[in-house]
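K.L.:
Protein chains: 2
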Amino acid sequence: MTLKNKQYRLAARPVGLPKDSDWEFVTTDAPVAGDGQVLVKVHFASLDPAMRGWMNDAKSYIAPVGLGEVMRAGTVGEVVTSNNPAFAAGDFVTGMHGIQQYGVSDGKELVKVDPKLAPLESYLGGLGMPGLTALFGLTDVGAVKEGDTVLVSGAAGAVGSMVGQIAKIKGARAVGIAGGADKCRYVVDELGFDACLDYKSDSFLSDMKEPLKTGVDVYFDNVGGDILDQALARLNRHARVVICGAISQYNNTTAVQGPSNYLNLLVQHARMEGFVVFDYIKQYGSGVQELATWYSQGKLQFKEHVDTGIENFPSTFLKLFTGGNFGKLVLKVSED
Amino acid sequence: MTLKNKQYRLAARPVGLPKDSDWEFVTTDAPVAGDGQVLVKVHFASLDPAMRGWMNDAKSYIAPVGLGEVMRAGTVGEVVTSNNPAFAAGDFVTGMHGIQQYGVSDGKELVKVDPKLAPLESYLGGLGMPGLTALFGLTDVGAVKEGDTVLVSGAAGAVGSMVGQIAKIKGARAVGIAGGADKCRYVVDELGFDACLDYKSDSFLSDMKEPLKTGVDVYFDNVGGDILDQALARLNRHARVVICGAISQYNNTTAVQGPSNYLNLLVQHARMEGFVVFDYIKQYGSGVQELATWYSQGKLQFKEHVDTGIENFPSTFLKLFTGGNFGKLVLKVSED
Chain A
353 MTLKNKQYRL AARPVGLPKD SDWEFVTTDA PVAGDGQVLV KVHFASLDPA
403 MRGWMNDAKS YIAPVGLGEV MRAGTVGEVV TSNNPAFAAG DFVTGMHGIQ
453 QYGVSDGKEL VKVDPKLAPL ESYLGGLGMP GLTALFGLTD VGAVKEGDTV
503 LVSGAAGAVG SMVGQIAKIK GARAVGIAGG ADKCRYVVDE LGFDACLDYK
553 SDSFLSDMKE PLKTGVDVYF DNVGGDILDQ ALARLNRHAR VVICGAISQY
603 NNTTAVQGPS NYLNLLVQHA RMEGFVVFDY IKQYGSGVQE LATWYSQGKL
653 QFKEHVDTGI ENFPSTFLKL FTGGNFGKLV LKVSED
Chain B
353 MTLKNKQYRL AARPVGLPKD SDWEFVTTDA PVAGDGQVLV KVHFASLDPA
403 MRGWMNDAKS YIAPVGLGEV MRAGTVGEVV TSNNPAFAAG DFVTGMHGIQ
453 QYGVSDGKEL VKVDPKLAPL ESYLGGLGMP GLTALFGLTD VGAVKEGDTV
503 LVSGAAGAVG SMVGQIAKIK GARAVGIAGG ADKCRYVVDE LGFDACLDYK
553 SDSFLSDMKE PLKTGVDVYF DNVGGDILDQ ALARLNRHAR VVICGAISQY
603 NNTTAVQGPS NYLNLLVQHA RMEGFVVFDY IKQYGSGVQE LATWYSQGKL
653 QFKEHVDTGI ENFPSTFLKL FTGGNFGKLV LKVSED
């Protein structure tokens, strides 16, 4: 019996928000593992803001997804057949198999994970790329230290939620920015941030005063736009602005909004620095170890927003840009 | 005989470019040195872009000049009378006496200079704040190293001209940006930059290709605006963008233009960092020493644009914003 493989391919380069016609939904035969390869059944695919950038035909830190290619995405799944001595059928692995139900790999980028330690989808979230992004961004780029005030946007999101929790572990104050009262309550009551500001509230600007009255030492930016400018206006001397993303700008059809308060970097002798998690590939192992240790000590919480059914990929993906997800967005693409 | 003191005071806060009515020209009696004070006859006043910022009623790294106060400016002059054992009549000193002919000081901020080593006005230029700004900005903030390509805007200006020359001393390539063919020739032929790009030329964007074909490791920005965006588009991995000023934006009556290419910091894991020279006050002494040594070895050249007559201050000051000066702009405010 030949396995069937449903997959989403990039059909057109989107202008603004991706439309249904930018995708092609295909059912084909599953690939077969060749010499040294493994065949993986994908259980969950990770849906991330960065994927929007990979859809543009622009020079970046990684090549764009080609038209007609399976949409790139991080995945976690189970090895079905293995011609690679490092893996056996039944192993669970993270990889980059994209939005499809079966993928093959030479094993180089696969990392074995243990579904008994944490739910499988955690390895796409708090114990995966978003957790590592938060860890390296806050500690290396942001150089967080005890007593700092850390402000983070997208605080209920996959990366932001980890940034604030790691800030607390490091002895800093954590102030989040999120959209809506429910997310803000989650950020403070469940994640343990010191405060959370609702950017959708009419009183957003005045709400910032009290929790940020001693200024911002580290601003971890996931959103860009006006919120970045508000943060720049509140920097302390020698503050660090970590540029991790700019989700407010990814679907722009006009120019990206540059931060008009950037001259505050001069006034405060502050710096703004960007990074992508792939820059830290050699430290993934030790990073996951550190996160897993904190998780086992009950110091980290994370939440996934799981939508089910590969056919729902286009609409589920849009939730990233409309605030429709609450927790790390993952798509269940195969039955267990 | 009472000494007469001509001075310019700030009469109104400018909107956009300063107008004549923003100034009050006053002739008053010169001050008298009190206990522990010295009276200094100002020979030259330094005219700098940063002064435009000091005229705004905005929080910054230094308090604004108050309405009715003498306009703040760096100065070099001669001690006339001294009630301070550290100074004697006939000493030459730099200070912050502002746009006036006589000032008193308790001596704390005065630094003795030797007019035999270099012309007096040099201590407001290459051997003064602009030289120190270039030195600390390029070496500390920019972390320049051998083999880097250093791009600097305002390359014919007081700071920019020193940035490129110090880059060469440090074994880097120096590429300047300046306005007009004359300035560009000066930057290459007299200052020894490897190349200079004329931003007023229609071919500016294509002119950048060849000298920047290996990308930019350090961009030292004095201008902001579109040129900052062009530089951001050409950054190498781990590049450093030094924010020293933004002269294209200082007279804006609309919002400052933020750099819309700032997300290239993320793609290239690059940083953008601001500073003001006052942050390095403890290193002024060693910095001047280093600059003076290079100067004595013939490795540094600098040029002053000297206008004469304190009454010409308002129009001379505007040259900073219209490109009307060529070399460090100083105003001779008293006869020798």
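In order, the protein sequence lines correspond to chains A and B.
Note that the working numbering has the first sequence beginning at 353, numbered continuously upward.
Note that the working numbering has the second sequence beginning at 353, numbered continuously upward.
Even glycine gets a Cβ: it sits at the ideal position worked out from N, Cα and C.
The model shown is predicted, which means the values in this text are computed figures rather than measured ones.
Mind checking if Arg623 (chain A) is an interface residue toward chain B, Cβ cutoff 7 angstroms exclusive?
P.N.:
Stepping through the first sequence from its first residue, residue 623 (chain A) is reached at position 271. Yes - at least one Cβ of chain B is within 7 angstroms of the one on Arg623 (chain A).
K.L.:
Would you decide whether Glu625 (chain A) is buried or exposed? Buried here means 16 or more other CB atoms lie within 10 Å of its CB.
P.N.:
Start at 1 with the first residue of the first sequence, and residue 625 (chain A) comes out as number 273. With 16 or more other Cβ atoms within 10 Å, it is buried.
K.L.:
Taking any Cβ of chain A, which residues in the segment 380-403 of chain B have a Cβ under 8 angstroms from it, in chain order?
P.N.:
Within the segment 380-403 of chain B, no residue has a Cβ that lies closer than 8 angstroms to any Cβ of chain A.
K.L.:
Would you say Ala607 (chain B) faces chain A, with C-beta separation under 7 angstroms as the test?
P.N.:
In the second sequence, counting from the first residue as 1, residue 607 (chain B) sits at position 255. Answer yes: the Cβ-Cβ gap between Ala607 (chain B) and chain A drops below 7 angstroms somewhere.
K.L.:
Of all the options A:Asp578, A:Leu618, A:Phe673, which has the alpha carbon lying nearest to the alpha carbon of Lys411 (chain B)?
P.N.:
Translated into positions along the second sequence, residue 411 (chain B) becomes position 59. Here the closest residue by C-alpha is A:Leu618.
K.L.:
Using the Cα positions of Arg589 (chain A) and Ile451 (chain A), report the straight-line distance between them to the nearest angstrom.
P.N.:
Position 237 of the first sequence holds residue 589 (chain A). Position 99 of the first sequence holds residue 451 (chain A). Each residue's Cα considered, the two are about 44 angstroms apart.
K.L.:
By the criterion of Cβ-Cβ separation under 8 angstroms, what are the contact partners of Asp631 (chain B) in chain A?
P.N.:
Mapped onto the second sequence, residue 631 (chain B) falls at position 279. Near Asp631 (chain B) (Cβ distances below 8 angstroms), the residues of chain A are His621.
K.L.:
Can you give the Cα-Cα distance for Arg361 (chain B) and Thr380 (chain B), rounded to whole angstroms?
P.N.:
Here the question's residue 361 (chain B) lines up with position 9 in the second sequence. Here the question's residue 380 (chain B) lines up with position 28 in the second sequence. Going from the Cα of Arg361 (chain B) to the Cα of Thr380 (chain B) covers about 12 angstroms.
K.L.:
What first and last residue would you give for the beta strand (DSSP E) that runs through Ser373 (chain B)?
P.N.:
Residue 373 (chain B) sits at position 21 when you count from the first residue of the second sequence. Here Ser373 (chain B) belongs to no beta strand (DSSP E), and DSSP marks it neither H nor E.
K.L.:
Determine the contact status of Ala495 (chain B) and Arg592 (chain B), defining contact as a CB-CB distance below 7 angstroms.
P.N.:
Translated into the one-based positions of the second sequence, residue 495 (chain B) becomes position 143. Translated into the one-based positions of the second sequence, residue 592 (chain B) becomes position 240. Contact: yes.
K.L.:
Assess, as a yes-or-no matter, whether the segment 499-510 of chain B is touched by the segment 631-640 of chain B under the definition of 3 or more beta carbon pairs within less than 8 angstroms.
P.N.:
These segments do not touch.
K.L.:
From the DSSP output, which residues share a beta bridge with Lys464 (chain B)?
P.N.:
In the second sequence, the residue the question calls residue 464 (chain B) occupies position 112. According to DSSP, Lys464 (chain B) bridges with B:Val445.
K.L.:
Helix, strand or coil for Asp534 (chain A), going by three-state DSSP, please let me know.
P.N.:
Here residue 534 (chain A) is taken as the residue at index 182 of the first sequence, counted from 1. Helix.
K.L.:
With 7 angstroms as the limit, tell me which residues of the segment 526-539 of chain A have their beta carbon closer than that to any beta carbon of chain B; keep them in chain order.
P.N.:
Those would be none; no residue qualifies.
K.L.:
Any contact between the segment 606-623 of chain B and the segment 572-590 of chain B? By contact I mean 3 or more CB pairs, one from each, below 8 angstroms.
P.N.:
Touching, yes, given that three or more Cβ pairs across the two stretches are closer than 8 angstroms.
K.L.:
For Arg696 (chain A), name the three-state secondary structure that DSSP assigns.
P.N.:
Because chain A is modelled from 353 through 688, residue 696 (chain A) falls outside the range shown and cannot be assessed.
K.L.:
State the start and end residues of the unbroken alpha helix (DSSP H) segment that holds Thr668 (chain A).
P.N.:
By one-based count along the first sequence, residue 668 (chain A) stands at place 316. Segment 665-674, the alpha helix (DSSP H) holding Thr668 (chain A).
K.L.:
Show which residues of chain A have a CB atom less than 8 angstroms away from the CB atom of Ile595 (chain B).
P.N.:
Looking up residue 595 (chain B) in the second sequence gives position 243. Tyr614, Leu615, Leu617, Leu618, listed in chain order.
K.L.:
Please check if any C-beta of chain A sits within less than 7 angstroms of the C-beta of Ala364 (chain B).
P.N.:
Here residue 364 (chain B) is taken as the residue at index 12 of the second sequence, counted from 1. It does not; no Cβ of chain A falls within 7 angstroms.
K.L.:
With 7 angstroms as the threshold, decide whether the Cβ of Tyr413 (chain B) is near any Cβ in chain A.
P.N.:
Counting from one through the second sequence, the residue named residue 413 (chain B) turns up at place 61. Yes, Tyr413 (chain B) counts as interfacial toward chain A.
K.L.:
Cβ closer than 9 angstroms: which chain B residues qualify as neighbours of Ala628 (chain A)?
P.N.:
By one-based count along the first sequence, residue 628 (chain A) stands at place 276. Per the sequence presented here, residue 628 (chain A) reads as Val, with Ala not at that position. Per Cβ cutoff of 9 angstroms: Leu618, Val619, His621.
K.L.:
Could you give the C-beta distance for Leu490 (chain B) and Phe572 (chain B), rounded to a whole number, given that I count them as a contact under 8 angstroms?
P.N.:
For the purposes of this step, residue 490 (chain B) is identified with residue 138 of the second sequence, where counting begins at 1. For the purposes of this step, residue 572 (chain B) is identified with residue 220 of the second sequence, where counting begins at 1. Right, their Cβ atoms sit about 6 angstroms apart.
K.L.:
Starting from Pro611 (chain A), find everything on chain B with Cβ-Cβ shorter than 8 angstroms and list it in chain order.
P.N.:
On the first sequence, position 259 is the one that residue 611 (chain A) refers to. Chain B residues near Pro611 (chain A): Gly610, Pro611, Tyr614.
K.L.:
Please check if any C-beta of chain B sits within less than 7 angstroms of the C-beta of Ala547 (chain A).
P.N.:
Counting from 1 along the first sequence, the entry for residue 547 (chain A) is found at position 195. No, Ala547 (chain A) does not count as interfacial toward chain B.
K.L.:
What ranges does the beta strand (DSSP E) occupy inside the segment 491-575 of chain B, keeping only unbroken runs of at least 3 residues that lie completely in it?
P.N.:
Correct list: 501-505, 525-530, 547-550, 568-573.
K.L.:
Quick one: does Ala507 (chain A) have its CB under 7 angstroms from some CB of chain B?
P.N.:
In the first sequence, counting from the first residue as 1, residue 507 (chain A) sits at position 155. Chain B, which has no Cβ nearer than 7 angstroms to the Cβ of Ala507 (chain A), makes this no.
K.L.:
Per DSSP, what are the beta-bridge partners of Arg361 (chain B) in this structure?
P.N.:
Reading the second sequence from its first residue, position 9 is the one you call residue 361 (chain B). Partner(s): B:Glu376, B:Val422.
K.L.:
Mapping the DSSP letters down to three states, classify Gln635 (chain A) as helix, strand or coil.
P.N.:
Translated into the one-based positions of the first sequence, residue 635 (chain A) becomes position 283. In the structure shown, Gln635 (chain A) sits in a helix (DSSP, three-state: H, G or I).
K.L.:
Quick check: the segment 426-444 of chain A against the segment 482-489 of chain A, are at least 3 beta-carbon pairs closer than 8 angstroms?
P.N.:
Verdict: no, contact absent.
K.L.:
Within 7 angstroms of any Cβ in chain A, is that where the Cβ of Ala470 (chain B) sits?
P.N.:
Walking along the second sequence from the start, residue 470 (chain B) turns up at place 118. False, the Cβ-Cβ gap to chain A never drops below 7 angstroms.
K.L.:
Enumerate in chain order the residues of its own chain whose CB-to-CB distance from Lys671 (chain A) is below 7 angstroms, with the five nearest sequence positions on each side excluded.
P.N.:
Looking up residue 671 (chain A) in the first sequence gives position 319. Taken in chain order, the residues that qualify are Asn677, Leu681.
K.L.:
In the segment 567-598 of chain B, which residues sit with their C-beta less than 8 angstroms from some C-beta in chain A, listed in chain order?
P.N.:
Answer in chain order: Gly576, Asp581, Ile595, Cys596, Gly597, Ala598.
K.L.:
In whole angstroms, what is the alpha-carbon distance linking Gly531 (chain A) and Ser373 (chain A)?
P.N.:
Numbered from 1 along the first sequence, position 179 holds the residue referred to as residue 531 (chain A). Numbered from 1 along the first sequence, position 21 holds the residue referred to as residue 373 (chain A). Near 29 angstroms, if we compare the C-alpha coordinates of Ser373 (chain A) and Gly531 (chain A).
K.L.:
State whether the segment 505-520 of chain B contacts the segment 643-655 of chain B, with contact taken as three or more CB pairs (one from each stretch) at a distance under 8 angstroms.
P.N.:
A contact exists between the segment 505-520 of chain B and the segment 643-655 of chain B.
K.L.:
With DSSP as the reference, label Leu396 (chain B) as helix, strand or coil.
P.N.:
Locating residue 396 (chain B) in the second sequence gives position 44, counting from the first residue. The displayed chain sequence assigns Phe, not Leu, to residue 396 (chain B). Three-state result, Phe396 (chain B): strand.
K.L.:
On the three-state DSSP scale, how would you describe Met414 (chain B)?
P.N.:
Taking the second sequence and counting its residues from 1, one reaches residue 414 (chain B) at position 62. Inspection of the sequence shows that residue 414 (chain B) is occupied by Ile rather than by Met. Of the three classes helix, strand and coil, the one that applies to Ile414 (chain B) here is coil, per DSSP.
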